[in-house]
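This report refers to the structure that appears directly beneath it.
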Amino acid sequence: MVEKWHEFLDKESIHNFDIDGHPAVLGIALRMSSLEYFLLIDGKLVEADGKGKKLFGKSSSQFLETRQKWIDLGKAKGLEYRPTSNTKQLAYIHRVIGRIDDFLVIIQAEKKQFRDVELSGFFFSLKYASIDPERIEKIKNDQIISEICKDWQMGLDQISPTGLVLFMKPVPNEDTEEDVFEAFSDFIKAISIHVRPAMEERCEGSPCGSSIGQDLQVVLVNGMPIILCQEYEKHITDMGKKAELEYHETPSNLLKGTLYGIGGMLLGSLPWVVIPVIFNTVYPVFAIFPLAATQLAMNYAKTKRNFVSLLIASMLAMVGSILGTYLSLIAFWLRNHSWIFDLEQLRELTQRILEDSRIMNDAINFSWLILGLLFILATYYRHKELKRLFHPEIEVIPSFKLH
Ligand SMILES: [Zn+2]
Numbered sequence: 013m014v015e016k017w018h019e020f021l022d023k024e025s026i027h028n029f030d031i032d033g034h035p036a037v038l039g040i041a042l043r044m045s046s047l048e049y050f051l052l053i054d055g056k057l058v059e060a061d062g063k064g065k066k067l068f069g070k071s072s073s074q075f076l077e078t079r080q081k082w083i084d085l086g087k088a089k090g091l092e093y094r095p096t097s098n099t100k101q102l103a104y105i106h107r108v109i110g111r112i113d114d115f116l117v118i119i120q121a122e123k124k125q126f127r128d129v130e131l132s133g134f135f136f137s138l139k140y141a142s143i144d145p146e147r148i149e150k151i152k153n154d155q156i157i158s159e160i161c162k163d164w165q166m167g168l169d170q171i172s173p174t175g176l177v178l179f180m181k182p183v184p185n186e187d188t189e190e191d192v193f194e195a196f197s198d199f200i201k202a203i204s205i206h207v208r209p210a211m212e213e214r215c216e217g218s219p220c221g222s223s224i225g226q227d228l229q230v231v232l233v234n235g236m237p238i239i240l241c242q243e244y245e246k247h248i249t250d251m252g253k254k255a256e257l258e259y260h261e262t263p264s265n266l267l268k269g270t271l272y273g274i275g276g277m278l279l280g281s282l283p284w285v286v287i288p289v290i291f292n293t294v295y296p297v298f299a300i301f302p303l304a305a306t307q308l309a310m311n312y313a314k315t316k317r318n319f320v321s322l323l324i325a326s327m328l329a330m331v332g333s334i335l336g337t338y339l340s341l342i343a344f345w346l347r348n349h350s351w352i353f354d355l356e357q358l359r360e361l362t363q364r365i366l367e368d369s370r371i372m373n374d375a376i377n378f379s380w381l382i383l384g385l386l387f388i389l390a391t392y393y394r395h396k397e398l399k400r401l402f403h404p405e406i407e408v409i410p411s412f413k414l415h
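Per the numbering used here, the very first residue in the sequence shown carries number 13; after that it's consecutive.
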């Protein structure tokens, strides 16, 4: 039977089914380029007959070991092991859900897409009774919470009035599953002074608020646990539409952003002018530095990230690169002319720099290349981010008992 699966399943996966009332799990694990199979019935491993071929191997045993650890740790904390069904990699299938100090919590092994890097780690989701925006700010600025986050290398991924999601990036070969659970326990203790457990007796879909107790369920919306009724798909579509409307109604702050951006650009490009003065050598000022400072300043001015604001940031960065390089060349020349300031000579020099200067050409060419690439990437990630916001990923956690 296992051999047949091979024909059409060539990716890591887990399949849950039932054999005469006994829960069974068929797993397919990838090792180098070949596949391993394992079968669990009633949680016990059944050796599969692979016609002389060894089917069960290192990847499978590693997976089962980790799985057992999650089950045991979950049990110790009163959490149920509920693996996800929507992943292609066994390493990211583990998940526990339940209550710690009455809070609904979920711990999940996951990958987080951060810009163009994929980080492997853990998501912690915590649900609490509704809080106001000031409380959210207090949580963000809480000293003890930020220390715990720093100690365990975790950060706030999302926070809303009714829940939050943390991402923890464990130290490789150091942080164990035990540490992951401990980190979350520490966090819950620290946040307990700000939030209390939610009652979870009403559908959170607006304007539903249905309280017909039995049909409420936990739905993960982009990883954030939300209590919804059977109409959850409609509710989530509404949430996406609301987010889209809010996004379009948010002011773009383009003028303020541009002014701040100019300030940032100057701060990001002018310090490099000091280099020729101190070291008596000139380097081109690449746009990457003014760009970083420009974007920080524009973010500070709450500029909406869109095509136009990204374009303005890129243009400012280009100006920063040219301006910084030009002033560096002038500073270099002045330093070697005993700082004697002659307007006529300066004008001639400016003309020479603009017409033919290898350093200026390097600065411009390299900056175009970098800015072009970053612009494409930024546009792409913004598009992805908005898509996630307007059309969130959803997963229903079936038959999890609410209060
Ligand atoms: Zn509802």
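No residue lacks a Cβ here, since even glycine has one placed at the ideal position from N, Cα and C.
Residue environment for Trp-351: exposed (fewer than 16 other C-beta atoms within 10 angstroms of its C-beta). Using a cutoff of 7 angstroms, the CB of Gly-217 counts as near ligand 1, since one of the ligand's heavy atoms is closer than that. Looking only at Gln-307, Cys-241, Gly-86, the smallest Cα-Cα distance to Pro-410 is reached by Cys-241.
If you check the CB distance, Glu-190 and Leu-85 come in under 8 angstroms. With a threshold of 7 angstroms, the Cβ atom of Leu-267 does not count as near ligand 1, since no heavy atom of the ligand is closer than that. Setting aside the 5 residues that flank it on each side, Ser-264 is surrounded in the same chain by Thr-315, Lys-316, Asn-318, Val-320, Ser-321, each with a C-beta closer than 8 angstroms to its C-beta; the list follows chain order.
In the DSSP assignment, the residues bridged to Glu-122 are Gly-133.
Between the region 102 to 122 and the region 143 to 150, the count of Cβ pairs shorter than 8 angstroms is below three; the stretches do not touch. The alpha-carbon separation between Glu-48 and Glu-24 amounts to approximately 9 angstroms.
Here DSSP, grouped into helix, strand and coil, assigns Leu-102 to helix.
Counting along the chain, Asn-373 sits inside the alpha helix (DSSP H) bounded by residues 370 to 402. Taking the Cβ of His-395 as the reference point, every heavy atom of ligand 1 lies at 7 angstroms or farther away. Counted as a single uninterrupted DSSP element, the alpha helix (DSSP H) harbouring His-247 occupies residues 244 to 261. Residue pairing by DSSP places Asn-28 opposite Val-37 in a beta bridge.
In terms of side-chain proximity, the C-beta atom of Leu-240 is found nearer than 7 angstroms to a non-hydrogen atom of ligand 1.
Only exposed fits Lys-56, as fewer than 16 other CB atoms lie within 10 angstroms of its CB. Runs of the alpha helix (DSSP H) spanning 4 or more residues and lying entirely within the region 281 to 333 occur at 286 to 291, 300 to 312, in chain order.
As computed with DSSP, Val-230 is found in a beta bridge with Ile-239, Ile-409. When the Cα atoms are used, Leu-271 and Ala-304 turn out to be separated by approximately 15 angstroms. Ala-202 sits close to Ile-156, with the two beta carbons spaced by under 8 angstroms. Of the heavy atoms belonging to ligand 1, at least one sits nearer than 7 angstroms to the Cβ of Glu-243. The region 237 to 255 makes no contact with the region 273 to 293, as fewer than three CB pairs between them are under 8 angstroms. The three-state secondary structure of Phe-353, taken from DSSP, is coil. C-alpha of Leu-178 to C-alpha of Met-211: approximately 22 angstroms in a straight line. Set against 7 angstroms, the gap from the CB of Ser-222 to the closest heavy atom of ligand 1 is smaller. A straight-line Cα-Cα distance of about 8 angstroms links Asp-113 and Pro-209.
Beyond the five residues adjoining it in sequence on each side, Ser-204 comes within less than 8 angstroms, by CB distance, of Asp-113 in the same chain, given in chain order. Counting only the Cα atoms, Asn-153 lies some 32 angstroms from Ala-329. Distance from the Cα of Asp-198 is smallest, within the candidate group Gly-90, Asp-163, Lys-396, Tyr-244, for Asp-163.
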